[in-house]
Amino acid sequence: QIEDERSYLEEHKKELRAVKVDMDTEKKLMEARLAIVESPMSSPLQSPSGIKKPSGSAIPRLSRGRSSTPVRSGTPIRSGTPTRNGTPTRAHSTPRSVSNTEILEREKQALRQHIQEVEERAAVKNEEYERTIRDIRVSNAVEMKRIKDELRSQIEAQDSLQNELQMSLIQADSKEREELEEKIEQLEAEKETQRESAMKQLKEKEEELESKISSLEQEASSAKEAHDKELKQIRASSEEEVARIKKEMEERLEEHVEKERALQESLTEAESWDREELLQKIEDLEKEKLDVQSAKLTEVEQKEELLKRIDE
Numbered sequence: 001q002i003e004d005e006r007s008y009l010e011e012h013k014k015e016l017r018a019v020k021v022d023m024d025t026e027k028k029l030m031e032a033r034l035a036i037v038e039s040p041m042s043s044p045l046q047s048p049s050g051i052k053k054p055s056g057s058a059i060p061r062l063s064r065g066r067s068s069t070p071v072r073s074g075t076p077i078r079s080g081t082p083t084r085n086g087t088p089t090r091a092h093s094t095p096r097s098v099s100n101t102e103i104l105e106r107e108k109q110a111l112r113q114h115i116q117e118v119e120e121r122a123a124v125k126n127e128e129y130e131r132t133i134r135d136i137r138v139s140n141a142v143e144m145k146r147i148k149d150e151l152r153s154q155i156e157a158q159d160s161l162q163n164e165l166q167m168s169l170i171q172a173d174s175k176e177r178e179e180l181e182e183k184i185e186q187l188e189a190e191k192e193t194q195r196e197s198a199m200k201q202l203k204e205k206e207e208e209l210e211s212k213i214s215s216l217e218q219e220a221s222s223a224k225e226a227h228d229k230e231l232k233q234i235r236a237s238s239e240e241e242v243a244r245i246k247k248e249m250e251e252r253l254e255e256h257v258e259k260e261r262a263l264q265e266s267l268t269e270a271e272s273w274d275r276e277e278l279l280q281k282i283e284d285l286e287k288e289k290l291d292v293q294s295a296k297l298t299e300v301e302q303k304e305e306l307l308k309r310i311d312e
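This is the structure we're talking about:
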């Protein structure tokens, strides 16, 4: 089961890396299209009479992202600080992945804390079981030793008495001999009875010990099952988190591709002083995509490390 879970996570990781390859491919295609647009022979912004004026159509707004101000005839985009020649400087953008990274970091910390608490509870419970079993074994060993010592003392006393009777038997007459032989037989019977009683007590103590240990082992097994169940739930939660990250990456990738497409369409209709800002926006989107991809891959790798830690 652990190998299956590890293979499942490896598949997730491969899929995420495939998404990264797709993002890199999309970037190369965009750079190629941008090179074609900037080429003097194919650029629609150049004409023999100089700079071609825009046709009056507005630059389309970007869906689900930063909106772009519509550009009409002769109206530059007001973004950044204008320079001497009227070309706006590049605007600084803050990747949105920063807030997502902070949220994911809090989620990772909470997951680590949860796993640590589960492991600590399991360790404390196992230590209690082991200590209880040790105490029971020690107590049972002391009790069995007491029974054996008591039996040994009784047997020694009976042997001593039997020896005395044997000596008296040698010196006794016929009538006393019969009485002594009867006492010796009674003593032998008592010794056998005491031996059987002691063996019975020892057996009962052993059975009691086995019963207590079996009960504790059953409790420990139940606690282990509960512990494994909780860790399984954590694994399932981590897998759901990996799936959520993958879905979010795909959605963000689609969003970035859509933004890039809109910017590329806008680039062909913008005036020359608008080109630098649009190029900066494209670079910002590329940087944002790479930041999001890096953050998500790091998140998945860290979750894999947590699952490996759980398996250990």
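FYI, the numbering for the sequence shown is 1 to 312, going by the UniProt record's numbering.
Even for Gly, the Cβ is constructed at its ideal location relative to N, Cα and C.
Here's the rule I'm using: 16 or more other beta-carbon atoms within 10 Å means buried, otherwise exposed. How should residue 167 be labelled? exposed
Quick check for students: name the residue ranges of the beta strand (DSSP E) that lie wholly in the UniProt region "Disordered" (187-242), counting only runs of 3 or more. none
Just verifying my parser: in three-state terms, what is the DSSP assignment at residue 296? helix
Could you check if residue 249 is buried or exposed, using at least 16 other CB atoms within 10 Å of its CB as the buried criterion? buried
Within 10 angstroms of the Cβ of residue 292, are there 16 or more other Cβ atoms? Answer buried if so, exposed if not. buried
Determine, using beta carbons only, whether residue 118 and residue 206 come nearer to each other than 8 Å. no
How would you label residue 200, buried or exposed, when you count the other beta carbons within 10 angstroms and need 16 or more for buried? exposed
CB contact flag (residue 220, residue 126, <8 Å): yes
When we look at the beta-carbon of residue 188 and count the other beta-carbons within 10 Å, is it buried (16 or more) or exposed? exposed
Rank 144, 191, 224 and 183 by C-alpha distance to the C-alpha of residue 157 and give the top, closest one. 191
Counted within 10 angstroms of its Cβ, other Cβ atoms place residue 134 as buried (16 or more) or exposed: exposed
I need the DSSP call for residue 303, collapsed to helix, strand or coil. helix
Is the Cβ-Cβ distance between residue 180 and residue 165 less than 8 Å? yes
Please report the straight-line C-alpha distance between residue 243 and residue 303, rounded to a whole angstrom. 12 Å
If distances are taken between C-alpha atoms only, which option among 215, 182, 152 and 216 comes closest to residue 195? 152
List the whole-angstrom C-beta distance separating residue 256 from residue 289, where the pair is believed to meet the contact cut-off of C-beta under 8 Å. 5 Å
Give the straight-line distance between the Cα atoms of residue 301 and residue 120, rounded to the nearest whole angstrom. 24 Å
Supposed contact pair residue 184 and residue 154 - C-beta distance, whole angstroms, cut 8 Å: Actually they are not in contact, since the Cβ atoms of residue 154 and residue 184 sit about 16 Å apart, beyond 8 Å.
Do residue 110 and residue 227 come within 8 Å of each other at the CB atom, strictly closer than that value? no
Top-ranked residue by Cα proximity to residue 296, from 144, 247 and 258: 247
Inside the stretch 108-153 only - alpha helix (DSSP H) runs reaching at least 4 residues: none
Span separating the alpha-carbon of residue 42 from that of residue 237: Only weak support is given to the placement of residue 42: the predicted model assigns it a pLDDT of 36, under 50, and the value that follows is read from those uncertain coordinates. Going by the C-alpha atoms only, they are around 53 Å apart.
CA nearest to the CA of residue 214, picked from 305, 113, 129 and 116: 129
Tell me whether the beta-carbon of residue 198 lies closer than 8 Å to the beta-carbon of residue 147. yes
Contacting residues, own chain, Cβ-Cβ under 6 Å from residue 212 (five flanking each side not counted): 136
With distances taken Cα to Cα, identify the nearest neighbour of residue 21 among 279, 305 and 294. 294
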